[in-house]
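Every position in the first sequence, counted from 1, becomes a number in the numbering used here once 20 is added.
We treat Cβ as the ideally placed atom computed from N, Cα and C, and that holds for glycine.
The model shown is predicted, which means the values in this text are computed figures rather than measured ones.
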Amino acid sequence: MHRWSELFIPTLREAPADAEVASHKFLVRAGYIRQLAAGLYSYLFLGNRSFNKIMGIVREEMDKIGQEFYLPALHPRELWEASGRWELMGDNLFRLKDRKGADLCLGMTHEEVMTDIASKELRSYKQLPQIWYQIQSKFRDEPRPRSGLLRVRQFIMKDSYSFDIDAAGLDVSYKKHYETYRRILDRCGLKYMVVEADSGAMGGKESHEFMVRTPAGEDLIVSCESCDYAANMEKAASKLAGVEDLTLEGGGEPLEVHTPGMKTIEDVARFLGVSPKNKIKTLAYMAEEKEAKTGKTKLRAVVVLIRGDHQLNEAKFAAAVGGKQTRPMQEDEIKQLFRSPAGFLGPIGIEWAADMKDGALPLLLVDKALEGRKNLISGANKEDYHLKNVTPGHNFRPTAYADLRAVAAGEGCPNCGEPLRIDTAVEIGHIFKLGYRYSESMGARVLDRNGKEVTLIMGCYGIGIERILTAAVEQSNDENGFWLPPSIAPFEIVVCPVNVKDETLLKAAVDIATRLEADGFDVLLDDRDERPGVKFKDADLVGIPFRVTVGKKVTEGTVEVVQRSTRQIQDASIAAITDYFKVLRPAR
RNA sequence: CGGGGCGUAGCGCAGCCUGGUAGCGCACCUGCCUUGGGCGCAGGGGGUCGUAGGUUCAAAUCCUAUCGCCCCGACCA
Numbered sequence: 021m022h023r024w025s026e027l028f029i030p031t032l033r034e035a036p037a038d039a040e041v042a043s044h045k046f047l048v049r050a051g052y053i054r055q056l057a058a059g060l061y062s063y064l065f066l067g068n069r070s071f072n073k074i075m076g077i078v079r080e081e082m083d084k085i086g087q088e089f090y091l092p093a094l095h096p097r098e099l100w101e102a103s104g105r106w107e108l109m110g111d112n113l114f115r116l117k118d119r120k121g122a123d124l125c126l127g128m129t130h131e132e133v134m135t136d137i138a139s140k141e142l143r144s145y146k147q148l149p150q151i152w153y154q155i156q157s158k159f160r161d162e163p164r165p166r167s168g169l170l171r172v173r174q175f176i177m178k179d180s181y182s183f184d185i186d187a188a189g190l191d192v193s194y195k196k197h198y199e200t201y202r203r204i205l206d207r208c209g210l211k212y213m214v215v216e217a218d219s220g221a222m223g224g225k226e227s228h229e230f231m232v233r234t235p236a237g238e239d240l241i242v243s244c245e246s247c248d249y250a251a252n253m254e255k256a257a258s259k260l261a262g263v264e265d266l267t268l269e270g271g272g273e274p275l276e277v278h279t280p281g282m283k284t285i286e287d288v289a290r291f292l293g294v295s296p297k298n299k300i301k302t303l304a305y306m307a308e309e310k311e312a313k314t315g316k317t318k319l320r321a322v323v324v325l326i327r328g329d330h331q332l333n334e335a336k337f338a339a340a341v342g343g344k345q346t347r348p349m350q351e352d353e354i355k356q357l358f359r360s361p362a363g364f365l366g367p368i369g370i371e372w373a374a375d376m377k378d379g380a381l382p383l384l385l386v387d388k389a390l391e392g393r394k395n396l397i398s399g400a401n402k403e404d405y406h407l408k409n410v411t412p413g414h415n416f417r418p419t420a421y422a423d424l425r426a427v428a429a430g431e432g433c434p435n436c437g438e439p440l441r442i443d444t445a446v447e448i449g450h451i452f453k454l455g456y457r458y459s460e461s462m463g464a465r466v467l468d469r470n471g472k473e474v475t476l477i478m479g480c481y482g483i484g485i486e487r488i489l490t491a492a493v494e495q496s497n498d499e500n501g502f503w504l505p506p507s508i509a510p511f512e513i514v515v516c517p518v519n520v521k522d523e524t525l526l527k528a529a530v531d532i533a534t535r536l537e538a539d540g541f542d543v544l545l546d547d548r549d550e551r552p553g554v555k556f557k558d559a560d561l562v563g564i565p566f567r568v569t570v571g572k573k574v575t576e577g578t579v580e581v582v583q584r585s586t587r588q589i590q591d592a593s594i595a596a597i598t599d600y601f602k603v604l605r606p607a608r
């Protein structure tokens with residue numbers, strides 16, 4: 021039996037000054053974790069117990085679809101060079117040398133190791149499909165660790181990798197993970213959303229993120245309350261209300277208007293008596309391309325046009341230019357291309373590349389919200405002048421139309437048209453179809469049924485163990501502490517004799533705890549010789565979902581069962597005490 | 001990497017401006033007392049003031065450098 025008096029549960033009355041978010045404050049105060057250095061935390065008894073429960077659930081569910089491995093955290097440089105990530109990961113990768121001077125790194129994920137095994141061992145299509153997973157520590161030299169356990173430099177991740185012979189097989193592996201992730205998060209008692217996500221430059225077609233809404237989150241998700249549409253901000257789309265175009269003025273050609281000192285969209289729109297929706301916002305960037313052979317950096321101008329009242333979504337933009345590094349143009353670069361100061365930029369009078377591959381000419385990317393619009397107002401590339409009657413496709417030719425704008429709250433859902441909301445959220449899990457990214461570069465191939473060599477198609481799937489606990493705390497806390505879903509709480513019930521010097525109370529409490537334990541519940545007996553107030557405060561703080569208070573009423577054969585989340589108190593018969601916790605054992 | 005803030009006892013903080021023997025609350029130890037929401041009384045232990053250098057008769061305090069931590073931004077398979 022776990023007796024509080026013998027355990028190390030260092031609760032604090034006050035949170036450390038440098039804790040900002042609720043989960044950080046409470047996990048420290050409740051004695052779950054202690055900080056060792058920036059982004060590095062020690063998990064104490066309660067924290068470790070909770071993580072073990074989470075990993076237990078993950079393992080149980082993953083074992084239904086895959087096989088658990090244990091892999092090195094220390095990887096040789098050659099492995100990461102084979103995938104190209106030794107270079108690509110830059111400072112995010114922890115690097116070190118062994119005594120012989122050989123380069124090693126601490127794994128931030130295990131694509132390389134898993135693919136290495138696959139490439140060496142898998143020979144035939146008959147061995148496929150395979151799903152391999154591991155639950156281990158990952159290391160990332162984050163530029164800025166923050167928010168307690170939310171963004172750290174060492175953390176535990178369940179990651180799995182699927183190997184299939186073809187895309188249809190990958191679809192099956194992907195779907196298995198999707199369903200398994202739902203089961204895991206359901207069992208962990210989290211309220212979460214599944215959103216369509218950007219697979220990034222890693223080159224996958226399909227990707228979903230499992231997100232938990234919380235103000236502490238670092239990601240933005242767009243969702244519809246009327247239907248089940250939900251997407252990562254980087255991927256989200258929306259329906260726009262129709263906009264009335266301006267009527268043509270003069271002879272139909274672009275018409276210069278004097279707009280002295282009017283540099284912002286707002287200024288110009290107000291000055292000309294039109295809506296920003298009829299204005300083109302011109303943004304100028306430089307894309308940096310590294311030439312593979314020479315290592316030289318090539319610059320290419322990229323101009324983005326979006327509607328005056330819209331914002332550019334950087335991730336969509338990055339995707340549109342094929343993942344190249346981009347940065348805003350500097351003043352002299354703007355001068356050179358537009359021959360105009362910023363504030364009066366526009367697409368007319370410049371020769372644009374006809375397609376993305378086309379050599380040296382600047383690219384003109386136009387947001388889809390401008391496609392088909394007429395008689396817009398843009399900068400004239402001349403100080404203090406703008407142009408009326410500007411129609412995309414007619415007065416200038418875009419290199420490409422693309423979805424580039426950031427969705428805003430209140431815009432229409434792409435599925436049902438109802439207003440969208442935007443929330444911050446924490447990413448708990450991410451599944452995506454990797455494709456051939458690693459199998460190709462690392463030579464993971466098998467023979468198919470025709471004896472032909474085929475490159476394996478892969479998927480990868482991650483779950484952040486710490487983030488499950490963190491999100492649960494963020495989701496359920498009040499001024500006194502937090503409460504966890506029973507499935508991931510370090511204990512399910514804390515039995516709390518009000519006065520341990522009273523032999524009757526203590527004996528009754530020990531008896532109750534023993535019986536609950538015999539019935540398979542995780543019980544903590546608070547046998548500390550403390551005043552009841554202290555014990556109640558601690559019980560409220562440490563995240564245990566139920567409390568049994570053993571007080572004077574034992575003489576009548578009664579104790580109190582307190583539900584932490586609702587503060588609901590009910591008298592319970594000692595004789596039938598286990599009945600009150602049947603709710604903790606729902607049929608699975 | 002850019003901007004801002006903070007390092008004084010286990011935790012939370014004051015003292016620094018105006019240099020002169022380092023303090024408060026909580027926690028901890030001992031005793032008494034108390035026992036349904038962080039109780040009371042008495043006694044006690046614990047600090048190279050992040051580190052290094054400088055100024056000064058004298059530095060937690062002034063100056064310089066450096067390290068660490070937090071926040072905002074950039075970044076984030």
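* Asked: What is the DSSP secondary structure of Tyr52, reduced to helix, strand or coil?
  -> As a working note, residue 52 is residue 32 in the first sequence. Reduced to three states, the DSSP call for Tyr52 is coil.
* Thr31 versus Ile594: straight-line alpha-carbon distance, rounded -> Residue mapping note: residue 31 aligns to position 11 of the first sequence, counting from 1. Residue mapping note: residue 594 aligns to position 574 of the first sequence, counting from 1. Straight across, the Cα-Cα distance linking Thr31 with Ile594 is about 29 Å.
* To do: Compare the Cα-Cα distances from Leu148 to each of Arg166, Ser167, Lys117, Ile185 and report the closest residue.
  => Against the first sequence, residue 148 aligns to sequence position 128. The candidate whose alpha carbon is nearest that of Leu148 is Ile185.
* To do: Could you check which residue in Arg97, Cys244, Asp123 has the C-alpha nearest to that of Gly432?
  => For this step, residue 432 is matched to residue 412 along the first sequence. It is Cys244.
* Asked: Is Met462 helix, strand or coil by DSSP?
  -> Working through the first sequence from its first residue, we reach residue 462 at position 442. Three-state result, Met462: helix.
* **Backbone CA spacing between Ile354 and Ser360 [nearest angstrom]** => Counting from one through the first sequence, the residue named residue 354 turns up at place 334. Counting from one through the first sequence, the residue named residue 360 turns up at place 340. Cα to Cα, the separation comes out at about 7 Å.
* For Glu273, count neighbouring Cβ atoms within 10 angstroms of its own Cβ and tell me buried if that reaches 16, exposed if not. => What you label residue 273 is simply residue 253 of the first sequence in a count that begins at 1. Per the 10 Å Cβ criterion, exposed.
* Asked: Arg608 to Arg164, Cα distance in whole Å?
  -> Within the first sequence, the letter at position 588 stands for residue 608. Within the first sequence, the letter at position 144 stands for residue 164. Caution applies to Arg608, whose pLDDT of 46 falls short of 50 and renders its modelled position unreliable; the model cannot decide the point.
* Asked: Just curious, the beta strand (DSSP E) that Trp503 is in, first and last residue?
  -> Taking the first sequence and counting its residues from 1, one reaches residue 503 at position 483. Residues 501–503.
* Asked: Is the number of C-beta pairs between the segment 571–585 and the segment 512–529 that are closer than 8 Å three or more?
  -> yes
* Considering only residues of the segment 336–370, which uninterrupted alpha helix (DSSP H) runs meet the minimum length of 4 residues and lie entirely inside it, listed in chain order? -> 351–358
* **Under the three-state DSSP convention, the category Tyr456 falls into** => Sequence index remark: in the first sequence, residue 456 carries index 436 (1-based). If DSSP states are grouped into helix, strand and coil, Tyr456 belongs with coil.
* To do: For Glu26, count neighbouring Cβ atoms within 10 angstroms of its own Cβ and tell me buried if that reaches 16, exposed if not.
  => For this step, residue 26 is matched to residue 6 along the first sequence. With fewer than 16 other Cβ atoms inside 10 Å of its own Cβ, Glu26 counts as exposed.
* To do: Please confirm whether Asp179 and Thr135 have their CB atoms less than 8 Å apart.
  => To locate residue 179, count along the first sequence from 1; it is residue 159. To locate residue 135, count along the first sequence from 1; it is residue 115. No, the pair does not count as a contact, with Cβ atoms beyond the cut-off.
* In the DSSP assignment, what are the bridge partners of Glu88? -> Walking along the first sequence from the start, residue 88 turns up at place 68. Glu88 is bridged to Tyr153.
* To do: Count the other C-beta atoms from every protein chain shown that fall within 10 angstroms of the C-beta of Met614, then say buried if there are 16 or more, exposed otherwise.
  => No answer is possible for residue 614: the residues shown for the chain start at 21 and end at 608.
* **Beta-carbon contacts of Lys225 that lie in its chain and below 6 Å, excluding the five residues immediately before and after** => As a first step, residue 225 is located in the first sequence; it is residue number 205 there, counting from the start. In the same chain as Lys225, and ignoring 5 residues on each side of it, the C-beta atoms closer than 6 Å to its own belong to Lys453, in chain order.
* Asked: Per DSSP, which one or two residues make a beta bridge with Gly563?
  -> Within the first sequence, the letter at position 543 stands for residue 563. Paired residue(s): Trp503.
* **Residue nearest to Asp239 in terms of C-alpha spacing, selected from Leu424, Asp218, Asp248, Arg393** => Here the question's residue 239 lines up with position 219 in the first sequence. Ranking the options by Cα distance to Asp239, first place goes to Asp218.
* C-beta contact flag for Ala445 and Arg233 at 8 Å -> Stepping through the first sequence from its first residue, residue 445 is reached at position 425. Stepping through the first sequence from its first residue, residue 233 is reached at position 213. Yes; because the gap between Cβ atoms is below 8 Å, this pair is in contact.
* So what does DSSP say about Thr534, is it helix, strand or coil? -> Along the first sequence, one-based indexing puts residue 534 at 514. Note: Thr534 maps to helix in three-state DSSP.
* Does the Cβ of Met177 have 16 or more other Cβ atoms within 10 Å, making it buried, or fewer, making it exposed? -> Translated into positions along the first sequence, residue 177 becomes position 157. Counting of Cβ neighbours within 10 angstroms places Met177 among the buried residues, the total reaching 16 or more.
* Asked: What residues in its chain sit with their C-beta under 7 Å from that of Tyr212, if we drop five residues either side in the sequence?
  -> Taking the first sequence and counting its residues from 1, the one referred to as residue 212 is at position 192. Counting only Cβ-Cβ distances below 7 Å, and skipping sequence neighbours, we find Leu205, Phe230, Met231, Val232, Ile448.
* Give every residue of the same chain whose Cβ lies closer than 7 Å to the Cβ of Leu381, excluding the five residues on either side of it in the sequence, and list them in chain order. => Stepping through the first sequence from its first residue, residue 381 is reached at position 361. Answer for Leu381: Glu371, Trp372, Ala373, listed in chain order.
* To do: Following the continuous beta strand (DSSP E) through Ala250, name the residue where it begins and the one where it ends.
  => Counting from 1 along the first sequence, the entry for residue 250 is found at position 230. Its beta strand (DSSP E) spans residues 250–252.
* **Range of the contiguous beta strand (DSSP E) that encloses Val277** => Along the first sequence, one-based indexing puts residue 277 at 257. Residues 275–278.
* Determine which residues share a DSSP beta bridge with Asp179 and list them. => Taking the first residue of the first sequence as position 1, residue 179 is located at position 159. DSSP lists Gln154, Gly482 as partners of Asp179.
* Proximity to Gly342 [Cα-Cα], best of Met253, Gln590, Lys377 -> For the purposes of this step, residue 342 is taken as residue 322 along the first sequence, with counting starting at 1. The residue with the shortest Cα to Cα distance from Gly342 is Lys377.
* Ser193 - DSSP class collapsed to helix/strand/coil -> Taking the first sequence and counting its residues from 1, one reaches residue 193 at position 173. Of the three classes helix, strand and coil, the one that applies to Ser193 here is helix, per DSSP.
* C-alpha distance - Phe89 paired with Tyr181, whole-angstrom precision -> Translated into the one-based positions of the first sequence, residue 89 becomes position 69. Translated into the one-based positions of the first sequence, residue 181 becomes position 161. Those two C-alpha atoms are separated by around 11 Å.
* Separation of Val323 from Glu351, as counted between CA atoms -> Taking the first residue of the first sequence as position 1, residue 351 is located at position 331. Taking the first residue of the first sequence as position 1, residue 323 is located at position 303. Approximately 14 Å, taken between the alpha carbons.
* Alpha carbon of Ile137 to alpha carbon of Val493, nearest angstrom -> In the first sequence, the residue the question calls residue 137 occupies position 117. In the first sequence, the residue the question calls residue 493 occupies position 473. Straight-line Cα distance between these residues: approximately 38 Å.
* State whether the segment 470–478 contacts the segment 525–541, with contact taken as three or more CB pairs (one from each stretch) at a distance under 8 Å. => no
* Asked: Relative to the C-alpha of Thr598, which residue among Thr586, Arg587, Thr578 is closest?
  -> On the first sequence, position 578 is the one that residue 598 refers to. Minimum Cα-Cα distance from Thr598 among the listed residues Thr586, Arg587, Thr578 corresponds to Thr578.
* Asked: Helix, strand or coil: which one does DSSP assign to Ala102?
  -> On the first sequence, residue 102 is found 82 positions in, with the first residue counted as 1. Helix at Ala102.
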